[in-house]
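**Student:** Starting off with a structure, shown below.
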Amino acid sequence: MNAFEVFAIYVTPFVIIGIAIKLLMKRYAVDLPDVQKQAGATPKRRFLLGAWRSD
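No gaps in the numbering here: position 38 of the sequence shown is 48 in the working numbering, and each next residue is one more.
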């Protein structure tokens, strides 16, 4: 098996899942900004602790 075949086998499921999610979002008339609004505000990052802590 060459590298391209391994890459294609690895990437194909992610592409298929992404396309399926995009089609479902279009079917139910949900846009990404709507989903982000439902998730709430982004957490504030702290200086120097932003890599692992958010409030």
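The beta carbon of each residue, even a glycine, is placed where N, CA and C say it ideally should be.
For N12 and G28, what's the separation of their Cα atoms in angstroms?
**Tutor:** Approximately 25 Å between the Cα atoms of the pair.
**Student:** Do you know offhand how far V16's Cα is from Q48's?
**Tutor:** Going by the C-alpha atoms only, they are around 38 Å apart.
**Student:** I need the boundaries of the alpha helix (DSSP H) containing Y20, first residue and last residue.
**Tutor:** That run of the alpha helix (DSSP H) goes A13 to R37.
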